[in-house]
Amino acid sequence: MLTTPDFTEITPTADIKATRHGSRAKCLQRLVRLDLPVPLSVALPFDTVRSIAKGKLPNMQALMGVFGDGALVSVRSSSQAADWGGPGTVLNIGMNDAVAARLAETHGQDAADALYLSFIKAYAVDVLRLDEDIFDEPITPRLAKSYFEDETEEPFPQDPGVQLTEVLRSMARAWEGTTARLLRQAQGAPADAGLGLVVQQMALGIGQGISGSGVMQFVSAQTGKPQVTGRYLPQGQGRAALDEQNAQFVESDARGPALEDACPKPVAALREAGALIRTRLREELQIEFTLMNGELFILDAVRCPRSGQAEVAIAVALAEDGVISKSEAMLRIPPFTLNQLLHRQVNPKAPRDMLTRGIAAAPGAATGKIVFTSEAAQAAAAQGDACILVRRDTSPEDIRGMHAAQAILTERGGMTSHAAVIARGLGLPCVSGATRLQLNSRKKTLTVPGRKVFHEGDVITVDGSSGEVLAGTAEMIEPALGGAFATLMKWADEARDIGIRANADTREDAEAAQRFGVDGIGLCRTEHMFFDPIRLTVMREMIFAEEPGDRTAALDRLLPMQRKDFTELFKLMQGQPVCIRLFDPPLHEFLPTERDGIRAMAEAMDMSVSRVASRIESMQEFNPMLGMRGVRLGITVPEIYDMQARAIFEATIAASDGGAPVVPEIMIPLVSARREVELVKARVDAVAAAVRAETGVAFDYRLGVMVETPRAALRAGEIAESSAFLSFGTNDLTQMTYGLSRDDAGRFMSAYVHQGVFPEDPFQRLDTDGVGELLLLGAERGRAARPELVLSLCGEHGGHPDSIAFSRTAGFDYVSCSPFRVPVAKLAAAQLSVQDKELP
Ligand code: PEP
Ligand code: MG
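For what it's worth, the numbering used here labels the leading residue of the sequence shown as -14, then goes sequentially.
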């Protein structure tokens, strides 16, 4: 074994580390330890490669000496994590006139010419970065060398030492290039990530007898289920078999010729190697191999490429077979991978014709005909047509259209705007804030600058996972629940130590939440229960009421509807906690904005159009999100909260009858002062007392506060005195901490992120520094005043692994997120507790 400070021969006992030599070098050592036929290989550590990039070479004579005179070698990159990339492999280094002549004698002239020619090209194009065109036409090695000389004014180097030096230099420098740096940083590599290199003796794959090269794996890249997949190219090198039309199968296959038909022994050896690798290296690897006159060599093995579905299936199967622990299986799966299993996705391998990009507001993808109104969406759905609802932004009026559509696309808005929140709740793909789009809802056109004008009925695809909008249809991959996914969720439930609830407003949401096995409902936004057209009309009557008596009449009609909603939710959740937020949004959000709607409303209310219009205008606010909403509405029009409290208590009694006793949680939104809580609490307590007296039935409930203004966080101590729980609404809290409109920030967010003002959109990823400080202050002050105070986070951030880590460290009891984010949240939570247990 040869070890110098500059390089180390890869032997079973050599000191090879992924953190110093890269993951490929480490993997090769593991293959060597398994006694697999790996050609002689040498690893150059990160430091050596850094020095090469700066112009200081290792001892080249010693390096060449490892392989002996006349040897051909390859050089492969070996970064610390495989997905950090690295320059491509260079094969056949050492080819020159003398070696070519010798090869011609042993392997025939054609084989020698093919090898020499391919090396000259690779050296010129990949190493010296010459133009590929100079080798366009069919040429011989002699001609190629003369073209090379024309271009470089130097003869093609014959000295293997010179060739290897140039290859090492070019690979070392490529790693330092801007593109390579950006690409790996996007994969999470640190700025100073190093590159290792592996120099390996060539096993040619070209020559006499059965010679060739291939690639083989033992699971399907799509499903992760056991399935041998492989390609073999007779007289081929490298991974060429994967691209060549005339490649063969590896195992015998009815679809065409296979290596196994001609030569079964190496295929049996490969199968054995695959099984050995799986159990001993504890991973499904893709093997690159070469046959030289029937003799098998294993040159390299990389982690099998895999879809999200395969990622889960492989990890779960390895754990079920006892190869890895359940904890390790959970840790191996990046939580967001699960999104690929929950929703339809555009096949990443399929071509995509991108029109524009917006905010990836709700994952999944759908294709459909463009519609511009909620009515058109419902009409399309009635005819069985898939449609995409395209709006400037959405409002409660659009809810039925959103239900009818396959996906939502909005010109405005961000991660927490109406469209995004509702789409995530419904499990619909959504791209919001696609600001380059020019929408003309009157002419019903959608213009994509530089592309065409789209009309109603034209087909587009919305990819809410990437934020892309595509022209026409796209090839899709179906969701994959059940099986390995269900097993993984069970393990996550056993491991996690923070509660995961769902934000659910409707029966459908609650059913989805139950399917994903939540610990309860953490946020029921009651205003979302009023989007049904019949209810909307009654709601509008209530809003429009000028006399208290008229308002009471409207509320009396809303009461049974709400009671029914809550009874249904409580029953569905079977005794699990359900946290109901009292009415939150500004009232005028429930009023029509367009002429048709105003006319319809005037008819329904028996009022003149102008009177309706002026009344609507009188309710408009300059800053509705900072205006008369949330608890402010509860204080100024207290009858609304009275009605909701009564509905909740009556539903509690109804749902507890014969079922698990229900203890409803009632949450007051947008609080900023202690007195607000005291006032609402006094009225809610009075309603509870009245319902108890009327029915003679006892019940409990818990009243809490939604902390979503900075003042509420700062004054959490005094607010907690009258609250059983505090739930941080980080959507509004982010909006108010930054002074940043959650509905308008999409317009400049990408510029802000691009210029590094914000590391990321704070509505997508919790700002743990600023907003986080308020959460910590609020939690600390609240718990100091009331140690048993239940704490949670229920903004859209709730499903993000970072926020879960933050909430867990801060000692919160649970997070609450859209139902379709629950699986990601569960896995992230499980990973955190497993990591804590394993690395105390
Ligand atoms: C919040 O503000 O974080 C929240 C959950 O409430 P909403 O999104 O309904 O304003
Ligand atoms: Mg809010």
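Glycine is no exception: its CB is placed at the ideal position from the N, C-alpha and C atoms.
List the DSSP bridge partners of residue 347. 415.
* Asked: Expressed to the nearest angstrom, what Euclidean distance is found between the alpha-carbon atoms of residue 80 and residue 87?
  -> 11 Å
message: Per DSSP, what are the beta-bridge partners of residue 245 in this structure?
response: Residue 245 pairs with nothing; no bridge assigned.
Mind checking whether the beta-carbon of residue 399 lies closer than 6 Å to any heavy atom of ligand 2? no
Spatial neighbours of residue 497 in its chain, beta-carbon cut-off 6 Å, leaving aside the 5 residues before and after | 804
Notebook entry, point to check: With burial defined as no fewer than 16 other Cβ atoms inside 10 Å of the residue's Cβ, what is the status of residue 13: buried or exposed?
Noted result: With 16 or more Cβ atoms within 10 Å of its Cβ, residue 13 is classed as buried.
| Which same chain residues, not among the five before or five after residue 130, have their C-beta less than 8 Å away from its C-beta? | 105, 140, 141
Close Cβ partners of residue 172 (< 8 Å) along its chain, the five nearest in sequence each way excluded: 66, 68, 69, 70
Item to complete: Starting from residue 359, follow the alpha helix (DSSP H) in both directions and report where the run begins and ends.
Response: 359 to 367
Next item on the list: Round the Cβ separation of residue 651 and residue 567 to the nearest angstrom and send it over; I've been treating them as touching at under 8 Å.
Entry: 7 Å
Sub-7 Å separation of residue 408 and residue 371 beta-carbons = Residue 408 places its beta carbon 7 Å or farther from that of residue 371.
Residue 341 by DSSP, collapsed to three states: which one?
strand
Exercise. Which term fits residue 488, buried or exposed, when burial requires 16 or more other beta carbons within 10 angstroms of its beta carbon?
Worked result: buried
Compute every distance between the C-beta of residue 780 and the non-hydrogen atoms of ligand 1, then say whether any falls below 6 Å. Correct: residue 780 has its Cβ closer than 6 Å to ligand 1.
Discussion item. Bridge partners for residue 216 per DSSP, in chain order?
Written reply: 200, 234
In terms of residue numbering, what span does the alpha helix (DSSP H) encompassing residue 392 cover?
Careful: residue 392 lies outside any alpha helix (DSSP H), inside the beta strand (DSSP E) at 392 to 395.
Bridge partners for residue 211 per DSSP, in chain order?
Beta-bridge pairing links residue 211 to 204.
Boundaries (first-last residue) of the beta strand (DSSP E) holding residue 509: Here the beta strand (DSSP E) through residue 509 covers 506 to 510.
Can residue 717 be considered in contact with ligand 2, in the sense that its beta carbon sits closer than 6 Å to one or more heavy atoms? Flag set: Cβ of residue 717 near ligand 2.
query = Where residue 257 and residue 401 are concerned, what is the direct C-alpha to C-alpha distance, given to the nearest angstrom?
reply = A straight line joining the alpha-carbon of residue 257 with that of residue 401 spans about 52 Å.
Checklist entry - How is the beta strand (DSSP E) around residue 799 delimited, first residue to last? => result 799 to 802
message: In whole angstroms, give me the CA-to-CA distance for residue 287 and residue 156.
response: 19 Å
Check your understanding: Can you check whether the CB of residue 680 is closer than 7 Å to the CB of residue 638?
Key -> yes
On the DSSP bridge list, what partners appear for residue 436? Answer is none; residue 436 lacks a bridge partner.
| task | Locate the alpha helix (DSSP H) running through residue 699, then write down its first and last residues. | result | Looking at the DSSP string, the run of the alpha helix (DSSP H) that includes residue 699 is 695 to 699.
ask   = Which value, in whole angstroms, describes the spacing of the CA atoms of residue 185 and residue 109?
value = Roughly 21 Å separates the two Cα atoms.
Consider the C-beta atom of residue 714 and the heavy atoms of ligand 1; say whether any pair is separated by less than 6 Å.
Inclusion of residue 714 in the 6 Å shell around ligand 1 follows from its C-beta lying nearer than that to a non-hydrogen atom of the ligand.
Ligand 3 heavy atoms versus the CB of residue 617: any closer than 6 Å? Absence of ligand 3 from the depicted structure is noted, with ligand 1 and ligand 2 being the only ligands included.
Practice problem: Would you identify the three-state DSSP class for residue 833, choosing helix, strand or coil? | Solution: The shown model of the chain, from -14 to 825, leaves out residue 833, and the question about it has no answer.
| query | Roughly how many angstroms lie between the CA atoms of residue 559 and residue 644, to the nearest whole one? | reply | 7 Å
Once you ignore the five residues that flank residue 726 on each side, which residues in its own chain have a CB closer than 8 Å to its CB?
-> Counting only Cβ-Cβ distances below 8 Å, and skipping sequence neighbours, we find 610, 720.
If I'm right that residue 454 touches residue 341 with Cβ under 8 Å, what's the distance once you round it to whole angstroms?
-> Right, the Cβ-Cβ distance comes to about 5 Å (below 8 Å), so this counts as a contact.
* Asked: Would residue 260 be called buried (16 or more neighbouring beta carbons within 10 Å of its own) or exposed?
  -> Classification for residue 260: exposed.
Please state whether DSSP places residue 84 in a helix, a strand or coil.
-> helix
### Message
Quick check on the burial criterion: 16 or more other C-beta atoms within 10 angstroms. Buried or exposed for residue 728?
### Response
buried
Query raised in the report: How many Å lie between residue 369 and residue 718 at the Cα?
Result: 41 Å
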